[in-house]
Each structure stands twice: as C-alpha cells, then as structure tokens.
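**Q**
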Ligand code: G3P
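Numbering (the working numbering), first residue to last: 75 to 274.
Here it is as structure tokens:
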C-alpha cells in the first residue's frame with residue numbers, strides 16, 4: 075500500500091516536469107506561457123521555436139506519462155492502481171507543482187500513459203488524430219479526435235477496464251481545450267502552418 079501511494083506521488087511529480095518550458099527557454103529563449111497559444115505543450119513549442127523542438131517536447135511529455143505507468147506494472151497489475159498512476163501523471167502535467175499548479179493540455183502525456191496500458195487502441199487513435207490534423211490543419215481538432223476515439227478503440231479491442239480512465243481523460247482534455255473549442259467554433263483557430271495565434 076505504501077509503495078503504491080509513494081508511486082502515485084512520484085508519478086505526479088514526473089508529470090509535473092514542464093519539458094515544453096525548459097526546451098523553449100533553452101533553445102529559443104521564449105516562455106511559451108507568454109506567446110502563441112500560451113500553452114507549454116509541443117504544438118506551441120513547435121509554433122514558437124521550430125518543428126524539431128516541438129517534436130522533442132512531444133517525446134519528453136510522452137515519456138513522462140509512459141515511464142511511471144510502465145514502472146507501476148512492476149508494483150501491481152490492478153487496473154484501478156494503474157489508472158490512478160496514469161491520472162497522477164496527467165494531473166501533474168495539467169496542474170504542475172513546478173508551474174504554480176498551472177500547466178498544459180495533457181495530450182502527449184495521454185498518449186504516453188496509454189502506450190503501456192493499451193498500445194494498439196492508442197495507436198489507432200493516434201492514426202485517427204493524425205488523419206484529422208492532416209485533413210483539417212488543426213492540431214487541437216486532432217487532439218480532441220484522439221480522446222474521442224480512444225474509448226471506442228478500447229471497447230472494440232476488449233480493454234474494457236481502462237475505459238473509465240479514457241472517459242475521465244476525454245473530459246479532462248475537452249476542458250483543457252475549452253479555448254481551442256471556442257476558437258474552432260468561431261472559425262478563429264489557427265492552422266498548424268501558422269506561426270502564432272492571434273491575441274486571445
Ligand atoms: O495538444 C495541444 C493542442 O491540441 C493544441 O495546442 O498550442 O494550439 O493550443 P495549442
């Protein structure tokens with residue numbers, strides 16, 4: 075029990091590491107919280123500092139979700155414990171203890187936590203997301219597609235025990251994207267090809 079609680083805390087702290095801020099500051103000297111969409115995630119780092127630094131942020135944010143969940147498997151295979159570890163890492167990203175309990179939108183970290191939990195459903199959701207981004211040009215729409223399709227692929231593949239987690243993540247990511255959803259509905263969301271968002 076103590077090991078499980080300890081690991082939940084460690085997962086939260088790992089999720090809290092603001093890789094996007096560190097990478098953007100170190101490479102182009104920009105604080106992504108102050109420019110572009112004002113998000114610390116990979117999309118905004120790519121927008122502000124360049125594609126390769128966005129990819130670096132994406133990989134780091136993904137790993138900080140995948141690693142604590144993968145290690146949690148060595149403590150227990152209980153679906154509730156694994157789901158709570160995943161949520162702890164995600165909440166670290168969204169409410170980082172290193173960023174005054176503010177943070178990012180939890181998409182890359184969602185991909186990360188589901189890689190050890192349900193690899194193929196997440197792979198299919200990533201393919202659906204990439205298709206939507208390719209067709210629409212909107213990364214945010216692709217992110218929403220990812221979390222909407224995930225419970226469906228989990229259901230179809232028989233990973234039923236992780237559907238509650240996926241539904242919580244669906245609500246969380248819609249909430250973190252509420253400004254993007256507003257811009258999308260007004261036709262004001264910027265394509266990923268554009269460098270910066272208009273002032274919000
Ligand atoms: O994963 C974040 C993405 O969906 C939206 O990013 O910077 O355009 O708000 P951004």
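Quick reminder that beta carbons are idealized off the backbone N, C-alpha and C, glycines included. Given the structure is predicted, the values throughout are model-derived calculations rather than measurements.
Is the beta carbon of residue 218 closer than 9 Å to that of residue 263?
**A** Not a contact, by the Cβ cut-off of 9 Å.
**Q** Quick one: what's residue 170 bridged to in DSSP?
**A** Residue 170 pairs with 176.
**Q** Mapping the DSSP letters down to three states, classify residue 152 as helix, strand or coil.
**A** coil
**Q** Are residue 125 and residue 191 closer than 9 Å when you measure CB to CB?
**A** Their beta carbons are not under 9 Å apart, which means residue 125 does not touch residue 191 by this criterion.
**Q** Considering only C-alpha positions, which residue in the set 107, 129, 203 and 211 is nearest to residue 221?
**A** Selected option, being the one with the closest Cα: 203.
**Q** Going by alpha carbons, who is nearest to residue 266 out of 131, 144, 210 and 186?
**A** 210
**Q** If you run the structure through DSSP and keep just helix, strand and coil, what is residue 254?
**A** helix
**Q** Between 155, 119, 189 and 171, which has its C-alpha nearest residue 100's C-alpha?
**A** 119
**Q** Quick check: what's the CA-CA separation for residue 240 versus residue 136?
**A** 16 Å
**Q** State the CB to CB distance for the pair residue 156 and residue 143, rounded to an integer number of angstroms; the pair is presumed to be in contact (CB under 8 Å).
**A** 6 Å
**Q** What's the call for residue 81, buried or exposed, on a 16-neighbour Cβ count within 10 Å?
**A** Buried, because 16 or more other Cβ atoms sit within 10 Å of the Cβ of residue 81.
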